[in-house]
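Following: one structure in structure tokens, then a few remarks.
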Amino acid sequence: MIKPKVAIITGAGRGIGAATAKLFSSHGYAVCINYKSDENSANKLAKSIRAEGGLCITVQADVSCESDVERLFSTVDKALGTVTVLVNNAGILKKQSRLEDMTAERINSILTNNVTSYFLCCREAVKRMSTRHDGLGGVIVNVSSGAARSGSPNEYIDYAASKGAIDTLTKGLSLEVAAEGIRVNCVRPGLIYTDMHADGGEPERIERLKEIIPLQRGGQPEEVAEAIYWLASEKSSFSTGNYLDLAGGL
Ligand code: NAP
179 MIKPKVAIIT
189 GAGRGIGAAT
199 AKLFSSHGYA
209 VCINYKSDEN
219 SANKLAKSIR
229 AEGGLCITVQ
239 ADVSCESDVE
249 RLFSTVDKAL
259 GTVTVLVNNA
269 GILKKQSRLE
279 DMTAERINSI
289 LTNNVTSYFL
299 CCREAVKRMS
309 TRHDGLGGVI
319 VNVSSGAARS
329 GSPNEYIDYA
339 ASKGAIDTLT
349 KGLSLEVAAE
359 GIRVNCVRPG
369 LIYTDMHADG
379 GEPERIERLK
389 EIIPLQRGGQ
399 PEEVAEAIYW
409 LASEKSSFST
419 GNYLDLAGGL
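Take our numbering: the final residue in the sequence shown is number 428, and no numbers are missing along the way.
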């Protein structure tokens, strides 16, 4: 029997991660749906994937916590087999604020959830994928943001800077492991319809900003998932260290 390819998608219970988990499953991947606190959404997604005949597990793990990340990857080793694709997607946003009102606690929370988490998951993936460690290779796709380019003034420079770090992580790691069978790329979504904007204190943010998007609309999580899937697939086999912007031209 041919073993299915295994994808770990962090923060996959909702939003872009959930659309990505569904898409990977539809392409025959065994999928690990990681979530932090919304168990209900993760279980609902797993149920719908299984109803379509897909193979998946849900794993609660706070990916900003080192021991949780180690447990996440070892759980997948045992339940699904060695990871072949990691999608670093989990992320948080805090209320819109100017920089002079940001506390160290807020800034550190953004950085550990959005940056440390990606580093830790990349570390565990590289240990398993790299030919240097007798792995068979693999692909990492990081979910950054158009905010890395815009800087998000008056809204959340802390979040934008965390995504800038993900762009740099993508570049550096892609070069570090290029000769070891691992490709590392990045998607940079613009305004996508998910719950995240409510966390920023403005659930209708996309409606306010729609007019400045050249395509005149926000994006859907499924449109981001397609780009992630392409970067994870053999169709993008000569791409590494690259950024794919999905922002409707913004
Ligand atoms: P979302 O709907 O708010 O979902 C965020 C997901 O991340 C949730 O599943 C959440 O888990 C998970 N998560 C957060 N912190 C975590 C942690 N420490 N450990 C494990 N899981 C954690 O947001 P989204 O819009 O889909 O965002 C997905 C990614 O896209 C993020 O990296 C975000 O920065 C990026 N992005 C989004 C947009 C946009 O317009 N929506 C634009 C650019 C980039 P629970 O469900 O358990 O809470």
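Yeah, the Cβ is synthetic: ideal placement off N, Cα and C, and Gly gets one too. In this text the structure is predicted, and so the values were computed from the model without any measurement.
Quiz item: Are Gly350 and Gly368 touching if we call contact CB-CB under 8 Å?
Solution: no
Exercise. Within 10 angstroms of the Cβ of Glu278, are there 16 or more other Cβ atoms? Answer buried if so, exposed if not.
Key: exposed
Quiz item: What's the gap between the Cα of Asn267 and the Cα of Ala338?
Solution: Asn267 and Ala338: Cα-Cα distance of roughly 15 Å.
Quiz prompt | Proximity below 8 Å, CB of Val362 to CB of Gly419 | solution = yes
Exercise. Apply the 10 Å Cβ neighbour rule to Leu314 and answer buried if 16 or more other Cβ atoms are within range, or exposed otherwise.
Key: exposed
Quiz item: Taking C-alpha atoms, which residue in Phe297, Thr294, Gly379, His311 lies nearest to Asn332?
Solution: Asn332 has its Cα closest to that of Gly379, out of Phe297, Thr294, Gly379, His311.
Quiz item: Which residues does DSSP pair with Arg366 in a beta bridge?
Solution: DSSP output for Arg366 lists Asp423 as bridge partner(s).
Quiz item: Looking at Asp240 and the ligand NAP, is the gap between the Cβ and the nearest heavy atom below 7 Å?
Solution: Taking 7 Å as the cut-off, one finds at least one heavy atom of the ligand NAP near enough to the beta carbon of Asp240.
Quiz item: When you compare only the Cα positions, how much space is there between Pro392 and Val265?
Solution: 28 Å
Quiz item: Is it true that the region 249 to 263 meets the region 179 to 194, where meeting means three or more beta-carbon pairs spaced less than 8 Å apart?
Solution: yes
Quiz item: Do you know how far the Cα of Ala257 is from the Cα of Asp246?
Solution: Those two C-alpha atoms are separated by around 16 Å.
Self-check item: Limits of the unbroken alpha helix (DSSP H) element including Tyr337
Solution: 335 to 355
Quiz prompt | Secondary structure of Arg361, DSSP reduced to three states | solution = strand
Quiz prompt | 7 Å Cβ shell around Pro381 - same chain, five flanking residues per side excluded | solution = His375
Self-check item: Nearest neighbour of Asp433, chosen from Arg395, Tyr421, Thr348, Asp373 [CA to CA]
Solution: Nothing about residue 433 can be read from this structure; the chain reaches only from 179 to 428.
Quiz item: By DSSP, does Tyr407 sit in helix, in strand, or in coil?
Solution: helix
Quiz item: With DSSP run on the structure shown, which of helix, strand or coil describes Cys210?
Solution: For Cys210, the secondary structure class from DSSP, reduced to helix, strand or coil, is strand.
Exercise. Please classify Ser330: is it buried, with 16 or more other beta-carbons within 10 angstroms of its beta-carbon, or exposed?
Key: buried
Quiz item: Any heavy atom of the ligand MN closer than 7 Å to the CB of Ser295?
Solution: No copy of the ligand MN occurs in the structure displayed; its ligands are the ligand NAP alone.
Quiz item: In the DSSP assignment, what are the bridge partners of Thr236?
Solution: Ile211
Quiz item: Is it true that the CB of Leu409 sits closer than 8 Å to the CB of Val319?
Solution: yes
Quiz item: Does the distance from the CB of Gly189 to the CB of Gly269 come in under 8 Å?
Solution: yes
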